[in-house]
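Enquirer: Below you'll find the structure I mean.
Dropping the structure here:
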């Protein structure tokens, strides 16, 4: 039994530091590297990719809307062609660093508003899948279960990996509960770890309303924003391995 642990990294730029990349990377198996539009810059991208290679961690692109000021969290109205171009631009930038470091791009995980919009808007989801198909059809798309992203990936024959959020509550349809609602974010480490283990071993999670939702997630999203988050990642990995689950990158998970 295999599961991937993914984390957003490389979001610092200039003198602005985001996250604890060096501390969290030894405990994950895939990294989503910012490509310069919401965070990251050429120096940070280079450093992050080489750090991933050093630790044997798979590299993925983390593209966003061109919104550095808003950290990629603001919706933008784009045509499909514009969205495809923006995503391919970011893929190309990260690919340069991956190739020079002797690795490849394993996956793409959209960031912030782009991720949320593509989850519910089939046109934006198709833009992500099309960008992958036109750039490198072997790149996997990482996103929410039963979302428009999964639908678009199936349409365009792009490999899709369902993602599980360790610290977020789920609606009955598999979408994430809005952060504006109480209980949408799970702060209790034991509860969160228990949910991850159950999802991996049983393929289910208890929803916000108390129902049982079936999932087939191949990757768990974890965070490295602060010391407690890094400790949380360590705890999740240790408990998974204790339960006999092998933590591996997405391609190994798919291979089974």
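Residue numbers (the working numbering): 137 to 392. Glycine included, C-beta positions come from ideal geometry on N, C-alpha and C. Since this is a predicted model, take the numbers as computed values, not measurements.
1. With C-beta atoms as the reference, is residue 173 less than 8 Å away from residue 204?
2. Beta carbon of residue 195, beta carbon of residue 223: below 8 Å?
3. Please identify the residue among 375, 262, 171 whose C-alpha is closest to the C-alpha of residue 228.
4. Inspect the beta-carbon positions of residue 254 and residue 208 and report whether they are closer than 8 Å.
5. Within the stretch 186-218, note down every full alpha helix (DSSP H) run reaching 4 residues or more, in order along the chain.
6. Nearest to residue 278 by CA position, among 307, 271, 247, 302, is which residue?
7. Of the choices 287, 308, 382, whose alpha-carbon is the least far from that of residue 337?
8. State the DSSP-derived secondary structure class of residue 358, mapped to helix, strand or coil.
9. One question on the structure: do residue 232 and residue 186 come within less than 8 Å of each other, judged by their Cβ atoms?
10. Note down, in chain order, each residue of its chain lying with its Cβ closer than 7 Å to the Cβ of residue 219, except the 5 sequence neighbours on either side.
11. Under three-state DSSP, which class holds residue 252?
12. With a threshold of 7 Å, establish whether the CB of residue 286 neighbours any heavy atom of the ligand GDP.
13. Apart from the five residues on each side of it in sequence, which residues of its chain come closer than 7 Å, Cβ to Cβ, to residue 182?
14. So for residue 387, helix, strand or coil by DSSP?
15. Could you name the residues of the same chain whose beta carbon sits closer than 6 Å to that of residue 357, not counting the 5 residues immediately before and after it, in chain order?
16. Output the boundary residues of the alpha helix (DSSP H) element that contains residue 326.
17. On the premise that residue 389 lies in contact with residue 354, defined as a C-beta separation below 8 Å, what is that separation, rounded to the nearest angstrom?
18. Of all the alpha helix (DSSP H) runs that stay within the bounds of the stretch 142-174, which reach a length of 4 or more residues?
19. Leaving out five residues before and five after residue 347 in sequence, what residues of the same chain have Cβ atoms less than 8 Å from its Cβ?
20. Can you tell me the Cβ-Cβ gap for residue 398 and residue 370, rounded? I've got them flagged as a contact below 8 Å.
21. Applying the 10 Å Cβ sphere with the 16-neighbour rule, what's the burial state of residue 398?
22. Could you work out which residue in 175, 334, 352 is closest to residue 411 when comparing CA atoms only?
23. Would you mind working out which of 257, 157, 311 sits nearest residue 213, comparing C-alpha positions?
24. DSSP three-state call for residue 366: helix, strand or coil?
25. Given residue 329, which residues of its chain have a CB within under 7 Å of its CB, disregarding the five upstream and five downstream residues?
26. The alpha helix (DSSP H) that contains residue 284, what's its start and end?
Expert: So, to answer that:
1. yes
2. no
3. 171
4. no
5. none
6. 247
7. 382
8. strand
9. no
10. 260, 263
11. helix
12. For the structure depicted, the ligand GDP is absent and the ligand set is empty, with no information on it obtainable.
13. 233
14. helix
15. 142, 299, 301
16. 325-338
17. 4 Å
18. 157-160
19. 308
20. In the structure displayed, the chain extends from 137 to 392; residue 398 sits before or after that span and is not available.
21. Any answer about residue 398 is impossible in this case: the structure gives the chain only from 137 up to 392.
22. A query on residue 411 cannot be resolved here, the shown segment of the chain reaching from 137 to 392 and no further.
23. 257
24. helix
25. 371, 372, 375
26. 284-291
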